[in-house]
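First up is the structure itself, then whatever we jot down about it.
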Amino acid sequence: MQIASSGGRRLTRAVLAAREHSVEKERGVARKELSRAAREAEKALEMRPTLRIVLKELAACWGEQEFDGRLMVWPSNDYLISRTGLSERSIRNALRGLIELEVIAPRDSANGKRYAVKNAAGKVVDAYGYDLAPLFARYAEFVALNDAHKRRRDEQDRQFEAITIDRRASQEAIAALREQYPHVAIDDEEQALEGLIARTPRRGSMAPIGDLVRDYRGIREALELRFSRLETGQRRHHLPALENNNGSPSEPCTKLPEEAERVRSTEHPVSVGLLLEICPAYRELDEEIQTVDDLVVVGSRLRGTIGAHKSAWLEAVQQIGAVRAAAAVLYVLQLHTDDVAAGTNRIRNPGGYFRALVRMIADRRFNLDTELHALRRRRMT
């Protein structure tokens, strides 16, 4: 709102508020300090690019000479145009925006020009232009705002991470129920999940998503509870057959090829062709795979290559079957090989990674076939 007019510039609340800020006399503000305050202000106030560019140039004009607590700079519009490449209109709008944000305060001369006043010895004793004291005086405020923004972003990232985990787990549960228990009606849960996905904002959004987190978790728990009850009921009726098919963890690895065909009939299917296409690292170890039996034999041998203990292999066979255990070995071997080649060093203990992966597969929190398709898509992009 316009309150008064002086020298052709509107007098606003922002101008008056900015003038209240000053720097202690003899404080001695360095250009680096002013530039650091400018960077904090840019992030805290979420400035537009043009405002950021102009503020950076104003801070660079500071000659480390304060006048009565004022940090005056007096660059002309032509100078700012030459330094930023912006048009004169953009410069004027940016200066007006910085004033409204209360990071600079105008100090106008009688004729509206910006210049320095020097004494007889040529020393600058006063100036007309823009005072950067508000920018420096509000440094602590900007730091606090940025810290608060960071906490909000971190919390938002954690919530998006929870949504991603629950969404994938719900989709896996729906796929498992459709495949293993096609007679069970889950259309309502599936439609509810699709509705949540449609309502979920993009990852970088700061929109409130607490309700979505709770809804995703509710659908996941409902689906997993239904699947768990169905599995419990089936295990109660078919426990001997499942025990025979999974084999005993006390059996030595050399017996696994003889059991492969029998185990394969009860395991969740794994696309062996896709596995061999996406995970070719085993070929570098002079291994050859033609059949599912070959896969089990090679997997049992290569588990030592990835540093997996024999007990981890036997646990895998018991939990997920020999075929999927061998597929998991090749998958971990390929991930570790790619990791080493890229120099990222993300998988420091592939043997432990294999054991953890097996348990996730057993708990139906990880679908190896789905992840193989995803890996192929990533490599094709």
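Offset between the sequence shown (1-based) and the working numbering: plus 50.
Just so it is clear, CB atoms sit at the ideal spot from N, CA and C, and this is done for glycine as well.
Between the segment 207 to 223 and the segment 172 to 188, the count of C-beta pairs closer than 8 angstroms stays below three; the two stretches do not touch. By the Cβ criterion, the segment 166 to 176 is not in contact with the segment 129 to 140, since fewer than three pairs of Cβ atoms, one from each stretch, lie closer than 8 angstroms. Distance from the Cα of residue 143 is smallest, within the candidate group 100, 167, 369 and 168, for 100. Looking at 423, 188, 98 and 204, the one whose alpha-carbon comes closest to that of residue 326 is 423. Across the structure, residue 139 and residue 398 are spaced so that their CA atoms are roughly 56 angstroms apart. Three or more pairs of CB atoms, one per stretch, sit closer than 8 angstroms, so the segment 410 to 424 contacts the segment 361 to 379. Across the structure, residue 356 and residue 81 are spaced so that their CA atoms are roughly 55 angstroms apart. Taking every protein chain shown into account, the CB of residue 400 has 16 or more other CB atoms within 10 angstroms, so this residue is buried. Bounds of any beta strand (DSSP E) do not take in residue 413, whose DSSP letter is neither H nor E. With a cut-off of 8 angstroms on Cβ pairs, the segment 263 to 275 is in contact with the segment 217 to 224, counting three or more such pairs. Rounded to whole angstroms, the separation of the alpha carbons of residue 251 and residue 257 is 8 angstroms. The residues 151, in chain order, have a CB closer than 6 angstroms to that of residue 95 in the same chain once the five nearest residues on each side in sequence are set aside.
Here DSSP, grouped into helix, strand and coil, assigns residue 176 to strand.
Burial is judged here by how many other beta carbons sit within 10 angstroms of a residue's own beta carbon; residue 417 has at least 16 and is buried. Distance check between residue 126 and each of 162, 91 and 98 places 162 closest, using alpha-carbon atoms only. Cβ-Cβ separation between residue 234 and residue 227: approximately 6 angstroms, consistent with a contact (criterion under 8 angstroms). In this structure, the beta-carbon distance from residue 186 to residue 114 does not fall below 8 angstroms. Taking residue 89 as reference, the option from 111, 389 and 103 with the minimal CA-CA separation is 103. Scanning its chain for C-beta atoms nearer than 6 angstroms, with the 5 sequence neighbours on each side dropped, one finds around residue 405 the residues 362, in chain order.
Bridge pairing for residue 117: 120 [DSSP]. For residue 386, the closest of 352, 236, 360 and 265 by C-alpha to C-alpha distance is 352. Taking 8 angstroms as the cut-off, the Cβ atoms of residue 262 and residue 279 do not count as close.
Short of 7 angstroms from the beta carbon of residue 277, and not among the five residues preceding or following it, lie these beta carbons of its own chain, in chain order: 223, 226 and 227. For residue 156, no alpha helix (DSSP H) segment is defined; the enclosing uninterrupted segment is the beta strand (DSSP E) at 155 to 157.
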